[in-house]
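One structure below.
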Amino acid sequence: MFIVLMLTAGAALGVFQARALAGAVFFAIPVFAVFAALFHEQVQSREQSAGNLAVWILAWALGTNALWLTSTPQAVASSSSQIAAPGCRLTDGIAILNRTPPGVVINSFDMGPWIAAYSEHGAVSGPYHRNESGISTAHRILTAEPEEARRLITSRGGRYLAWCRNAALLETNAKGLVAQIERGVTPSWIRPLTTHSGAELRLYEVKSQGSR
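Residue numbers (my numbering): 53 to 264.
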């Protein structure tokens, strides 16, 4: 009953809020302590069969951090490669950004962490559940018709535009800013910082008022 209560409390905490599962480990500690005592008792028993002992050892391994700590770097690397998107060349794009004066970047949401972590610029959008305002603002700007996009960029204090080739940005509005740029029609009020080819990263700087 004790074990059931502890596991139920941990599960309820996770249902209440997913990231609270990190705190659920405190409920698992006494459960694991009981398990460790039972495991020790089974190992000391002469009647313990080799098969049952193997199951206990496997359960012990799964109950410790060893397996998860060794698999985490691979998971992080996998997720990072998905965010980087083959052919988008985010590393090169960040290097270009770092050669420009710091400013606010109107970006597709998947690029936010890269911009925030590896440049001196501010990213409007990022893949975070509390960033719904930034995500919707950036998406609205990138898919709005050019003059509306310009107005929104000015109101947001944006200095740069950044995105990787994205079907969703193209399909949302065929007359939108990104869709037009991808067709080769670039508004006069922005200038490219990267070459326009394939699925590479797109970087543009918003020209200051009066500049040409």
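We put the CB at the ideal spot given by N, CA and C, even for glycine.
Residues near F161 in its chain [Cβ-Cβ closer than 7 Å; skip 5 each side]:
As a first step, residue 161 must be located in the sequence shown, where it is residue number 109. Excluding residues up to 5 positions away in sequence, S177, G178, P179, I187 and A190 lie with their Cβ nearer than 7 Å to the Cβ of F161 in the same chain.
Is R192 helix, strand or coil when you go by DSSP?
As a first step, residue 192 is located in the sequence shown; it is residue number 140 there, counting from the start. It is helical.
Residues near P239 in its chain [Cβ-Cβ closer than 6 Å; skip 5 each side]:
Counting from one through the sequence shown, the residue named residue 239 turns up at place 187. These residues qualify, in order along the chain: P198.
Given K259 as reference, the closest of G236, G209, L253 and A106 once Cα atoms are compared:
Within the sequence shown, residue 259 is the residue found at index 207, counting from 1. Minimum Cα distance to K259 is reached at G209.
Assuming V157 and I167 are in contact, meaning their beta carbons sit under 8 Å apart, how far apart are those beta carbons, in whole angstroms?
Your numbering for residue 157 matches position 105 in the sequence shown. Your numbering for residue 167 matches position 115 in the sequence shown. Between V157 and I167 the beta-carbon gap is near 5 Å, inside 8 Å, which marks them as a contact.
Closer than 7 Å by C-beta to L222: which residues in its own chain qualify, once you throw out the five before and the five after it? Chain order, please.
Stepping through the sequence shown from its first residue, residue 222 is reached at position 170. Excluding sequence neighbours, L222 sits near V230, A231 and E234.
For V156, which beta-bridge partners are listed by DSSP?
Position 104 of the sequence shown, counted from the start, is the residue given in the question as residue 156. Note: V156 sits in a beta bridge opposite G174 and G210.
DSSP beta-bridge partners of I242:
In the sequence shown, the residue the question calls residue 242 occupies position 190. In DSSP, I242 forms a bridge with V258.
Buried or exposed: R151, going by 16 or more other Cβ atoms within 10 Å of its Cβ?
Residue numbering aside, residue 151 sits at position 99 when the sequence shown is read from its first letter. Under a 10 Å Cβ-count criterion, R151 is classified as exposed, with fewer than 16 other Cβ atoms of the shown protein chains found around its own Cβ.
Sort A63, N159, I242 and A106 by Cα distance to R217 and report the nearest one.
Taking the first residue of the sequence shown as position 1, residue 217 is located at position 165. Minimum Cα distance to R217 is reached at N159.
Buried or exposed by the 16-neighbour rule on C-beta atoms within 10 Å, applied to I205:
Sequence index remark: in the sequence shown, residue 205 carries index 153 (1-based). Classification for I205: buried.
Starting from the C-beta of R141, find all residues in its chain whose C-beta is less than 8 Å away, skip the five residues before and the five after it, and write them out in chain order.
On the sequence shown, position 89 is the one that residue 141 refers to. Taken in chain order, the residues that qualify are E252 and L253.
Bridge-paired residues (DSSP) for W215
As a working mapping, residue 215 is identified with position 163 in the sequence shown. In DSSP, W215 forms a bridge with R254.
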